[in-house]
Amino acid sequence: NRNVIGAVVGVQPFGGEGLSGTGPKAGGALYLQRLLATRPSGLPRSLAQMLIADGAVEGDARGNPAAALTTLRDWLIEQREPALAARCDGYLAQVPAGATAVLTGPTGERNTYTLGPRGTVLCVAATPGGARAQFA
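With the first letter of the sequence shown counted as 1, position 95 gets the number 267 in our numbering; the numbers rise by one all the way through.
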């Protein structure tokens, strides 16, 4: 039982960001809703409110990903695409992209929950409207 993933054996079983031997682990507040047959519409919004409540979020909760989405929404309004602009507004209201919530933990240890980006994703649309929807 030696410590090979950057975690204290028996205390921190999953390591930390960039420390796990096999990559990210399944789970978390946003993962559970993917296992439901019918997704409650208020779940992501209530999670966002929980993260922002009581100053739990460090820094700007609406960081760069949200700024890019806001710019896209404004452009869609100029292009007379109100349905897609409304979709952007819905995404902005869901979860504060880039937010980091400080979690309680043992003295001397800092535990955080960060909503990070997915990374690069390939999107191939059949129509210009489909491409705009994928951007949103």
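Positions of the beta carbon are idealized from the N, C-alpha and C atoms, including for glycine.
Range of the contiguous alpha helix (DSSP H) that encloses residue i
i, result
"A303", "P300 to F307"
"L123", "Residue 123 lies beyond the residue range present for the chain, which begins at 173 and ends at 308; the question has no answer from this structure."
Burial state of residue i (16 or more Cβ within 10 Å)
i, result
"R252", "exposed"
"R245", "buried"
"R304", "buried"
"A238", "buried"
"L208", "exposed"
"A265", "exposed"
"A273", "buried"
"L287", "buried"
"L248", "buried"
Chain B contact for residue i (CB, 8 Å cutoff)
i, result
"T272", "The displayed structure is made up of one protein chain only, and chain B is not part of it."
Three-state secondary structure (DSSP) of residue i
i, result
"L248", "helix"
"L207", "helix"
"L294", "coil"
Cβ-heavy atom distance, residue i to the ligand ZN, below 7 Å
i, result
"L294", "In terms of ligand content, the structure shown is empty, and the ligand ZN therefore cannot be addressed."
Bridge partner(s) assigned by DSSP for residue i
i, result
"L150", "Residue 150 lies beyond the range of the chain shown here (173 to 308); nothing can be said about it."
Per the contact definition of three or more C-beta pairs closer than 8 Å, is the segment 257-264 in contact with the segment 274-286?
no
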